[in-house]
Amino acid sequence: MIAPPRRRGALRPPMGAFALALAGAALLNSCKTTTTVTTSSETAQTNGAKAEGDPRRRAAVRLQLAAGYYQKGQLDVAIKEATEATQIDPNQASAFGLLGLIYMDLDQKAQAETNFRHSLQLDAKDPELNNNFGWFLCRTKRETEALPYFDQAAGNRMYNTPAMALQNAGICLLQIGDKAGAEKYLVRAFEADASSPVAKYNLARLYLDTHRLERANFYYELLAKSVEASAETLWLGARIAHAKSDARSQQRLGEELVRRFPKSPEAGLLHREAFDE
Numbered sequence: 000m001i002a003p004p005r006r007r008g009a010l011r012p013p014m015g016a017f018a019l020a021l022a023g024a025a026l027l028n029s030c031k032t033t034t035t036v037t038t039s040s041e042t043a044q045t046n047g048a049k050a051e052g053d054p055r056r057r058a059a060v061r062l063q064l065a066a067g068y069y070q071k072g073q074l075d076v077a078i079k080e081a082t083e084a085t086q087i088d089p090n091q092a093s094a095f096g097l098l099g100l101i102y103m104d105l106d107q108k109a110q111a112e113t114n115f116r117h118s119l120q121l122d123a124k125d126p127e128l129n130n131n132f133g134w135f136l137c138r139t140k141r142e143t144e145a146l147p148y149f150d151q152a153a154g155n156r157m158y159n160t161p162a163m164a165l166q167n168a169g170i171c172l173l174q175i176g177d178k179a180g181a182e183k184y185l186v187r188a189f190e191a192d193a194s195s196p197v198a199k200y201n202l203a204r205l206y207l208d209t210h211r212l213e214r215a216n217f218y219y220e221l222l223a224k225s226v227e228a229s230a231e232t233l234w235l236g237a238r239i240a241h242a243k244s245d246a247r248s249q250q251r252l253g254e255e256l257v258r259r260f261p262k263s264p265e266a267g268l269l270h271r272e273a274f275d276e
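Residue 118 in numbering that gives the first Met the number 0 sits at position 119 of the sequence shown; the count goes up by one each step and never skips.
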């Protein structure tokens, strides 16, 4: 199963006043919602004084504040600030995009979709907005509808992280069992950003599920070298070792899993020897 997104604190340069982004959710096999802010709340308040007579700058300050509150999990205040930004500047696409993310987190689907669609009416080519709306559609079981938005994001040469949209598309297709389509997107994501643990994890898992064990092991080894071990990664490694009849590696990874994450769902699967689940 794909776990629901959660907020992270990653920051990236904005395309406009600032940008909203979706990265990949549980640890490795899903997507995380992130917001990007260019200044702290204190700086935003200082800038607010300077922007007193400029509606666009005032709206941008409100949007910066809203994103900061969103990152901290203060969703009610984030909604208030983002809504004020849209009232000051009704053409602020990123403010509507942020409202879409907040309402998605609150599982208020109708409000989320209304705000996402309005943001794209204002700026149809913005890659962050396309990527985020694509993930919303994926979360609401409209996987095939989501793909054009991921494609739009990934194809934008101004997008700093096309791998994000590509791996999101691959994960989305895994949800509906389209392994061939998912493979194409995930391979492209890896080619765009070979450091992405999300792409490596999902490629290893996909190749394990399709019994291409050498490829599964290749991507797993890259993953294991690039991220700190988690219950998810150790269980995946144990499953690949089991499929390859590599008893020594299976035992080593299983023992580490139980020792470090004894109460994890993955440890429970190991105890039941549920390697094919």
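No residue lacks a Cβ here, since even glycine has one placed at the ideal position from N, Cα and C.
- Cβ atoms of residue 169 and residue 148 stay farther apart than 8 angstroms, at about 14 angstroms.
- The beta carbons of residue 164 and residue 153 sit closer together than 8 angstroms.
- With contacts defined as CB atoms closer than 8 angstroms, residue 84 and residue 62 qualify as a contacting pair.
- Scanning the stretch 88–118 from its first residue to its last, the whole alpha helix (DSSP H) runs of 4-plus residues come out as 92–104.
- In this structure, residue 230 lies near residue 256, with their beta-carbon atoms less than 8 angstroms apart.
- 124 is the residue among 77, 183, 124 whose C-alpha sits nearest the C-alpha of residue 155.
- At a Cβ-Cβ threshold of 8 angstroms, residue 199 and residue 173 do not count as neighbours.
- According to the DSSP assignment, residue 225 belongs to the alpha helix (DSSP H) that extends over 212–225.
- In this structure, DSSP gives residue 261 a state outside helix and strand, which the three-state scheme calls coil.
- Counting C-beta atoms within 10 angstroms of its own C-beta, residue 209 has fewer than 16 neighbours from the protein chains shown and is therefore classed as exposed.
- A residue is called buried when at least 16 other Cβ atoms come within 10 angstroms of its Cβ; residue 120 does not meet this threshold and is exposed.
- DSSP places residue 131 inside the alpha helix (DSSP H), whose first and last residues are 126–138.
- From the listed residues 128, 171, 142, 135, the smallest Cα separation to residue 151 is found for 128.
- The three-state secondary structure of residue 272, taken from DSSP, is coil.
- Classified as buried, residue 122 has 16 or more neighbouring CB atoms from the shown chains inside 10 Å of its CB.
- In the structure shown, residue 159 adopts coil according to DSSP, grouped into three states.
- In terms of Cα proximity to residue 189, the closest of 212, 162, 203 is 162.
- For residue 266, the closest alpha carbon among the candidates 247, 237, 245, 248 is that of 237.
- Residue 122: not part of any alpha helix (DSSP H); DSSP gives it neither H nor E.
- Burial state of residue 157 is exposed, judged by a 10 Å Cβ sphere holding fewer than 16 other Cβ atoms.
- Residue 143 counts as exposed, since fewer than 16 other C-beta atoms from the protein chains shown sit within 10 angstroms of its C-beta.
- The shortest CA-to-CA distance from residue 193 to any of 176, 213, 219, 175 is the one to 219.
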